[in-house]
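Engineer: Numbering (our numbering), first residue to last: 88 to 383.
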Amino acid sequence: MRSVTILCIVLSVWFALPCQAQMDEAYRLANEMVREKLAREDTANIRILDGLKTSDVIVVDGSYDHIHNVLESLKIPFARIGQHDLLKAKLEPHQTVFVNCSASFPNGAARKLAAFVAAGGMLITTDWALTHVIEAAFPNTIAYNRVPTGDDVVRIEVTDRKDSLLSGFLDEKAAPVWWLESSSYPIKVLDKERVKVLIRSAELKQKYGEEAVVVSFDHGKGTVYHMISHFYLQRTETRDQRQTLAASEYFKDKGASSEKIRKAEATKVTYGEIQSANTSADFVSRMIIKQKKKIK
């Protein structure tokens, strides 16, 4: 399995396999851009990020997604634990827990996550966790429709443009798209009143039977977010010649400061790589901030 790719769509397709060092650099650049944007919105956002402790964010290891790589590049402290270690870990309502995509997950650990969310915690899961975590811990909310995707890219639409969590997906020069790894799990919404579809795709529905790309639902005092495919970018796919340009062009498009543009010019990161990294960095940062603000 590989990661989520948030890109623009235009004409022909190019494939690239960026090395981890280059993508880590893309996330570091994205982090500076995201922090600059968050600070303009509310200076409390930066105080929250700078005040995070290791115990505030938990990453549960999986086989495929690598959210820890994103968090490290964003300089967000976190504790990393194995799936079976979760059974004896102490979870607190103020925490944000990321569960990486995996081919299996202990039932007891899934039930513990349900109790954690009910007490006020925030849970974020990706792709195959739909069956191994969500269906086990939160039955009758969402489920895998049993129609695995191909290796694909689909156009997406943000359903609520006023939701601050999704602002990183907006204001692009072309319609954003979502990259699907072969055998990604389409999300079937079972409880349409309880589950909110944050990002959807008519193309995904046409090809694989379901439109949901990112969903959320409340459980007790907490919230669950689930998305098809992954956070960490391991490949870029571009459909616009512009995305082969230097990262500095993306910074200019986003109205970044001259200092940030100069830093981008000193790297080999491409427009497509920084665009993908910026979108996921913004989403991850906002989810963590939202949880901390709720607890306060």
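For every residue, glycine included, the Cβ atom is placed at its ideal position computed from N, Cα and C.
1. State the start and end residues of the unbroken alpha helix (DSSP H) segment that holds Phe-370.
2. Who are the near neighbours of Glu-222 in its chain, counting only those whose CB is closer than 6 Å to its CB and skipping five residues on each side?
3. Could you tell me whether the Cβ atoms of Val-276 and Arg-287 are closer together than 8 Å?
4. Could you spell out where the beta strand (DSSP E) holding Ala-166 opens and where it closes?
5. Would you tell me roughly how many angstroms separate the C-alpha atoms of Leu-31 and Tyr-114, rounded to the nearest one?
6. Just tell me which of Ile-154, Ala-368, Thr-130 has its CA closest to the CA of Leu-252.
7. Under the assumption that Met-374 contacts Tyr-312 (Cβ atoms under 8 Å), give the Cβ distance between them as a whole number of angstroms.
8. Check whether the Cβ atoms of Ala-206 and Gly-307 sit closer than 8 Å, and answer yes or no.
9. Let's test the definition: count the other Cβ atoms within 10 Å of the Cβ of Lys-347 and tell me whether it reaches 16, buried, or not, exposed.
10. Look at the alpha carbon of Glu-244 and the alpha carbon of Ile-361, and state the distance between them as a whole number of angstroms.
11. Identify, in the order they occur along the chain, each residue of the same chain with its Cβ nearer than 8 Å to the Cβ of Pro-193, setting aside the five sequence neighbours on each side.
12. In terms of residue numbering, what span does the alpha helix (DSSP H) encompassing His-155 cover?
13. For Ile-96 and Arg-167, what's the separation of their Cα atoms in angstroms?
14. Do the segment 349-366 and the segment 333-340 touch if we need at least three Cβ pairs shorter than 8 Å?
15. Can you check DSSP and say which residues form a bridge with Gly-309?
16. Just the C-alpha distance for Lys-379 and Gln-182, rounded to the nearest angstrom, thanks.
17. Determine the burial state of Gly-208: buried for a count of at least 16 other Cβ atoms within 10 Å of its Cβ, exposed for fewer.
Structural biologist: Quick answer:
1. That run of the alpha helix (DSSP H) goes 358-382.
2. Ala-230
3. no
4. Per DSSP, Ala-166 belongs to the beta strand (DSSP E) from 166-168.
5. In this structure the chain extends from 88 to 383, so residue 31 is not present and cannot be described.
6. Ala-368
7. Their Cβ separation, rounded to whole angstroms, is 7 Å, which keeps Met-374 and Tyr-312 in contact under 8 Å.
8. yes
9. buried
10. 20 Å
11. Gln-170, His-171, Leu-173, Leu-174
12. The continuous alpha helix (DSSP H) containing His-155 extends over residues 154-160.
13. Legend: pLDDT at Ile-96 = 28, less than 50; position of this residue unreliable, value from coordinates given subsequently. Approximately 35 Å, taken between the alpha carbons.
14. yes
15. His-306, per the DSSP bridge assignment.
16. 8 Å
17. In summary, Gly-208 is buried, with 16 or more beta-carbon neighbours lying within 10 Å of its beta-carbon over all protein chains present.
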